[in-house]
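The sequence shown begins at 2 in this note's numbering and counts up one residue at a time. Using N, Cα and C, we set each Cβ at its ideal position, and we do this for glycine too. Everything numeric in this text was worked out from a predicted model, so none of it was measured.
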Amino acid sequence: MSYLYDLNEETHKVQFGFDYYGWYPVIRFTADYGGRKTSFIDSEGNNAQVKWRETNLSLSFSVPLNLTGSKWIKGLNPSVGVDQKFLWMDKNAGYEFKEDRLTSPVYQLYAYNQHKMSVRDLYPKWGQTVNLIYRHTPWSDSVSSQFALIGYLYFPGFVNHQGIKIYGGYQKTITGNYSYSDLVAVPRGYVNLDFPEYFSLRSDYAFPIAYPDWNVPGAFYLKRIYAKVFYDYLNGYTRGKTTDLSSMGAEAYTDWNFLSIMVNVRLGGRVSYRISDTKWQYEFLFGFSAD
């Protein structure tokens, strides 16, 4: 079970996922429900924005190939799947869907090669990942499609346990009767960006601050405090015009366990300076995971 928030659309959803490894290929089923939002040009040439609720039922088959060696974690994971989408327009939107049920095949190829991490490492000392995704609605009256290429590079920092992460992504979307959410991340501090085609670059330098090991039995345990500084850039293309956006800033995080429950809780904050329009943005960050 997951809670997901789309920073660009400013929408959220809940997701349930199940993986079955009893057969080969691996079978994965996911179901999610939440809000969506998009901008478009209406029939009078004006900018318009609509919100809707969406349910996705997804079934995929993957063939994970584990090529891990003594010091390196590496592998290849091709997959193919299909999403069934159900859409409900907000009552006050003033618009209706031409199609409120769509089927979307999804094709993905994921490859990774990372140096094994120690307990205190924030990133792998060295590493590379590539994720290639294509999805479309071939049976729609007006076909939508989306292609994304995403990659990560990891490098060691100046001091042990520090690290550098470089993220790069390219995305091209053709919007017919359905509007896909973005797969490629946009610069931090920006929201409601809508580019049919764009390239995004994000860079982080992460460093631990302290390992306090503060423990109040039965109440909480504070494991780690760490921070990041970042610089992000985007080059987007829409309606015959190219746009450059960039931001820089810092993030701070704390890792907790509460009530002796084996769920890792991450609390933090981010301050972003939007270089393109000289504005500051402040955000509260949180996440959780179970070992």
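About 5 Å separates the CB atoms of Ser290 and Asn265; that is less than 8 Å, so the two are in contact. With three or more CB-CB distances shorter than 8 Å, the segment 183–198 counts as touching the segment 262–282. Counting only the Cα atoms, Leu260 lies some 30 Å from Gln163.
Taking 8 Å as the cut-off, the Cβ atoms of Gly35 and Val15 count as close. For Gly82, the closest C-alpha among the options Lys166, Gly128 and Thr104 is that of Thr104.
As a beta-bridge residue in DSSP terms, Asp233 pairs with Arg203 and Ser248.
Looking at Ser61, Tyr21, Trp127 and Asp33, the one whose alpha-carbon comes closest to that of Trp73 is Trp127. The count of Cβ pairs closer than 8 Å, one atom from the segment 104–122 and one from the segment 88–95, stays below three, leaving the stretches out of contact.
Residue state for Asn93 is assigned as coil, using DSSP reduced to three classes. In terms of Cα proximity to Ser71, the closest of Met263, Trp281 and Gln115 is Gln115. In this structure, DSSP gives Val192 a state outside helix and strand, which the three-state scheme calls coil.
The secondary-structure analysis by DSSP pairs Ile165 across a beta bridge with Phe156 and Tyr206. The C-beta distance from Tyr227 to Leu123 rounds to 6 Å, short enough to fall under 8 Å.
Distance between Ile28 and Gly169, taken at the CA atoms: about 29 Å.
Just measuring C-alpha positions, the residue of Ala211, Gly288, Leu60 and Tyr113 sitting nearest Pro26 is Leu60. Here the alpha carbon of Ile167 sits roughly 28 Å from the alpha carbon of Ser180.
Contact annotation, Asp195 with Arg225: C-beta distance approximately 37 Å; criterion of less than 8 Å not satisfied. Non-local C-beta neighbours of Gln109 in its own chain, meaning closer than 6 Å and more than five positions away in sequence, comprise Ser80 and Ile134, ordered along the chain. For the segment 17–69, not one full-length alpha helix (DSSP H) segment reaches 4 residues or more.
Residue pairing by DSSP places Glu284 opposite Arg271 in a beta bridge. Here Pro218 is exposed, its C-beta having fewer than 16 other C-beta atoms within 10 Å. Taking Ala49 as reference, the option from Gly95, Asp33 and Gly76 with the minimal CA-CA separation is Gly95. Secondary structure of Tyr179 (DSSP, three-state): coil.
The C-alpha of Leu184 lies about 7 Å from the C-alpha of Ala149. Approximately 15 Å separates the beta-carbon atoms of Tyr22 and Gly76; this is outside 8 Å, ruling out the contact.
Per DSSP, reduced to three states, the secondary structure at Val120 is coil, with no helix or strand assignment.
Here Thr243 is exposed, its C-beta having fewer than 16 other C-beta atoms within 10 Å. The three-state secondary structure of Ser146, taken from DSSP, is strand. Distance from the CA atom of Pro65 to the CA atom of Asn78, rounded to whole angstroms, is 4 Å.
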